[in-house]
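To start, the structure itself, in structure tokens.
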Amino acid sequence: ALRALARGGRPLLFAPPLGGARAARDGELDALDVFLAPGAQQVALRVERLGGFGAPTPLAGGALELVAHGRRITTVAVHAGVAEVPTARIQEGPIGVGRVAGAPDPIAAIEAPVIVERLAATRVALLDARLDEQALAQLRLLLGEGGRHCVAVRVEGAEPAREVRARWRAAGFSRPCVFDVRELLDEGDPTDVPAEVSAVRLARAAARLRAQGVAVDLAVAPDVGRARAAGFLLTTPERLAGWDAVDLDASYVPPPAQPMGDLSSRLDLLTDSRTRAGHSVHVELDNAAARAGLVALIDGAAERLHAQWYIVADDEVSREIEGALARAARRGVRVRLLVDSLYSLHGSFGAENPLLARLSAVAGVELRTFCPIDHLPTLEELKRRDHRKVVVADGVRGLVSGRNLAREYYRSFAEAPVSKTSTYRDLPWLDASVALEGPAVADLDAALREAWVATGGEPFDLAPQHACGGASVRVVIHRGLCDANTLEAYRAILDAACERLLIVNSFPLQLELQHALLGALRRGVHLALLVGHARPRHGDDVPFPGGSLRALADALVRARLAALVDAGADVRELAMPAPAGSDPTLGRVFPHVHAKIVCADGHVLAIGSANLDVTAGYWESEALVVLDEPAIVSSVEAQLEALLAGSVPIDPADPKWRDGAALRGWLGRVWPSVVG
């Protein structure tokens, strides 16, 4: 009901039913159709309870009876609206679903019809279930029903499946198949996903089906916005009217003959990236060493230096990097600098960043800003920012980082003595970066060029690449509201994990990723997470001054971790001795963790700018480096294990943790998805 209200117009009128009677459909059962993927051991059947007001709600629990060919075939339990059905008990075709009532006649027990569909016979079109009857009638004339299987996909769960089917029949379709995008993507219950990414989710569903061998060549939505597709056409009914069969065939790439298997093939199919061989790779967790490496990278540039940051501050550490950039320009290096206008406080709402103003005045430095705002902003303008932190020297040496250009990211703990009056920004944060040399640097430079041109810059050529090491590297680029490539990369790694996962991040966990991690725990994967405090603390949980609203972020982060703690994950809060020279009465300090690291099974590593929250998953543009190199990963894991060993586990039996349960639960329910 609350979600329906949020979508409603104003004013709203509330009235009781005439005569006090409940709506006729109240409590009735409704069910979505089921995609039977090749090789699947079980399928998810989504079952809902219809109400007199608002969206259908998941059936909370109980037992369901499945009926086919006039006989009961199995009984399954439903939890939070989903029943896991073993594929050995069902076959392709129609089945009936009912709540177990002991009726002697199986047919009489059926409350909702369901189709189990393989989608293996012909070309497939995915149509957004929100399309109205007029658009559907137009599409039926354009596509027909003979040569292409048209499937409805419910991207937003506000309309019962039976009403979608009724609208399709009214438009001239025979009994339509209605899938829910949550099952196609295995998202769980993603209440944090905003409506603005519906077209991206539809495109993800099409790509996921194609990766399983389904010949999807078309996806149609009322509005596709910025969403992109590869191998199939993503469009609106209006645009499709101007296309013909030749146009459709030109955009179509047949899906793989074999469904996606190992991690590498899944990443190939779902993240628009490829593994490249021949790299030297260095991962850096120490802030001071990272700063020295960044200065050396800039000082070593001979012809051109491309740098991109989300946040640039004017402080003593940033000024050191400013000096290196200015030196490069003065010795003849062409410096192209791209920053996010809103978060670097330069060019939006009349703000000017003094450091950026100084740099832009240096001959040889060209500065561009991403999406400056000088008016009342839309939600998209506020949320679709460029969050990447990438530096490329001469087109052949690259750096991908979580570090913005400010002192908390680039000062080490040894360099920052603190006292009880220090602010939350005086304590260094844990962060990470990866330096590359080799062919994948061209992928970084190409992404930089695309972003540069989008802000009005002139295009530049990519440098020839040469192998310079033995490591294989994959660069995954995500473009905000266009795709979900880094989210798909994280999903692939989490879903493929067999033995252990080690994750470092302190942003509110996207519910889809929480769902995947809970699945990993159920598979017996050991899960360790290292988190920090957005509002750093010391001693017996005493916050440093300033940043009081950041305590709310800490509560939300832990709200999203609570289900993992309850399921047995080893979640630890980073704790360290106070830096040398600090007030000796501080005791241990609890810094913020800003790094974005995922390690899997001792040989897979993902590191870059992409947090594990919904903002990174959909809204903001990101860069992620993925590699499968046991020697490199074991070195990183050893450093992280040392940090974990000195950190504080979250104990679900701890009274302080239990006392915070009410706030965490409230935040988990009401925190708006647009905030991330």
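The opening residue of the sequence shown carries number 17 in the numbering used here; numbering runs sequentially from there.
Backbone N, C-alpha and C define an ideal beta-carbon position, used for all residues, glycine too.
Values in this document were obtained by computation on a predicted structure and should not be read as measured data.
Take residue i as the anchor and find which of the options has the nearest alpha-carbon.
| i | options | result |
| --- | --- | --- |
| A237 | P561, V167 and T291 | V167 |
| A261 | L234, D278 and G277 | L234 |
| I327 | L354, E100 and V311 | L354 |
| A99 | G118, G77, V83 and H85 | G77 |
| D284 | G163, V642, R604 and L659 | V642 |
| A467 | A578, H549, A246 and H322 | H322 |
| G486 | I123, R183 and T291 | T291 |
| L545 | V614, A71, T385 and D356 | V614 |
| H552 | V269, L415 and L446 | Inspection of the sequence shows that residue 552 is occupied by Pro rather than by His. It is L446. |
| L443 | R139, D402, G562 and N501 | G562 |
| D499 | L310, D144, A661 and E636 | E636 |
| F195 | P72, A377 and R62 | R62 |
| A96 | A71, E64 and T90 | E64 |
| D586 | L534, C484 and D557 | L534 |
| W325 | Q150, R516, R183 and L361 | L361 |
Would you mind giving the Cβ-Cβ distance between residue i and residue j, rounded to the nearest angstrom? I have them listed as a contact below 8 Å.
| i | j | result |
| --- | --- | --- |
| L421 | S522 | Not really, about 20 Å apart at Cβ, beyond 8 Å. |
| E453 | R413 | 5 Å |
| Y440 | N303 | No, Y440 and N303 are not in contact; Cβ-Cβ is about 16 Å, not under 8 Å. |
| S357 | G366 | Incorrect: roughly 11 Å between the Cβ atoms, too far for contact. |
| E133 | D49 | 6 Å |
| P120 | V83 | Contact flag wrong, Cβ pair sits at about 13 Å. |
| D288 | A246 | 6 Å |
| T252 | D239 | 7 Å |
| G204 | A71 | Rounded, the Cβ-Cβ distance is 17 Å, inconsistent with contact. |
| V140 | V197 | That pair is no contact at about 15 Å. |
| A456 | Q228 | Rounded, the Cβ-Cβ distance is 28 Å, inconsistent with contact. |
| V378 | A345 | 5 Å |
Quick check on DSSP: helix, strand or coil for residue i?
| i | result |
| --- | --- |
| S449 | strand |
| V230 | coil |
| L392 | coil |
| I126 | coil |
| Q154 | helix |
| Q58 | strand |
| L464 | helix |
| G112 | strand |
| I327 | coil |
| V269 | coil |
| G535 | helix |
| T601 | coil |
| P74 | strand |
| F195 | strand |
| L628 | coil |
| L454 | Residue 454 is actually Gly in this sequence, not Leu. In the structure shown, G454 sits in coil (DSSP, three-state: anything other than H, G, I, E or B). |
| V558 | strand |
| L497 | coil |
| S190 | coil |
| P593 | strand |
| S214 | helix |
| G414 | strand |
| A422 | coil |
Would you mind reading off the limits of the beta strand (DSSP E) that contains residue i?
| i | result |
| --- | --- |
| E81 | G77 to A84 |
| R307 | Unbroken run through R307 is the alpha helix (DSSP H), N303 to D315; no beta strand (DSSP E). |
| D202 | It is not in any beta strand (DSSP E) - D202 carries neither H nor E in the DSSP assignment. |
| P671 | From DSSP, P671 is part of no beta strand (DSSP E) but of the alpha helix (DSSP H) over P671 to D675. |
| L517 | R516 to V520 |
So the alpha helix (DSSP H) residue i belongs to, where does it begin and stop?
| i | result |
| --- | --- |
| P646 | P646 to A661 |
| L372 | P370 to S376 |
| A168 | Careful: A168 lies outside any alpha helix (DSSP H), inside the beta strand (DSSP E) at R164 to R170. |
| A385 | The sequence shown places Thr at residue 385, rather than the Ala named in the question. Not the alpha helix (DSSP H): T385 falls in the beta strand (DSSP E), residues V381 to F386. |
| L341 | E332 to R346 |
| D511 | N501 to A512 |
| R183 | A177 to A186 |
| S281 | L279 to L286 |
| E576 | Sequence check: residue 576 is Arg here, not Glu. R576 -> alpha helix (DSSP H) spans R566 to D582. |
Could you tell me whether any Cβ in chain D is nearer than 8 Å to the Cβ of residue i?
| i | result |
| --- | --- |
| P275 | Chain labels in this structure do not include chain D; a single protein chain is all it has. |
field: At least 3 beta-carbon pairs within less than 8 Å: the region 503 to 516 vs the region 395 to 409
entry: no
query: Below 8 Å, can you find three or more Cβ-Cβ pairs linking the region 487 to 505 to the region 453 to 469?
result: yes
Meets three-Cβ-pair contact criterion under 8 Å: the region 594 to 609 and the region 430 to 440: yes
field: Cβ contact check for the region 138 to 158 and the region 177 to 193: 3 or more pairs under 8 Å
entry: Short answer: they touch.
- prompt: Can we say the region 663 to 672 touches the region 573 to 593, given the rule of at least three CB pairs closer than 8 Å?
  reply: The region 663 to 672 and the region 573 to 593 touch, with no fewer than 3 CB-CB distances between them shorter than 8 Å.
- request: Check whether the region 606 to 620 touches the region 529 to 548, counting contact only when three or more Cβ pairs, one atom from each stretch, lie closer than 8 Å.
  value: Yes, since at least three Cβ pairs between the region 606 to 620 and the region 529 to 548 fall closer than 8 Å, the two stretches touch.
query: Do three or more CB pairs link the region 373 to 392 to the region 609 to 628 at distances below 8 Å?
result: Flag = no, the region 373 to 392 and the region 609 to 628 do not touch.
- request: Could you tell me whether the region 335 to 344 touches the region 295 to 315, using the rule of 3 or more Cβ pairs below 8 Å?
  value: yes
Inter-stretch contact at 8 Å, needing at least 3 Cβ pairs: the region 55 to 65 / the region 101 to 109: yes
message: Within 8 Å, do at least three Cβ pairs link the region 525 to 536 to the region 671 to 683?
response: As far as the Cβ criterion goes, the region 671 to 683 does not touch the region 525 to 536, which means the pair count is below three.
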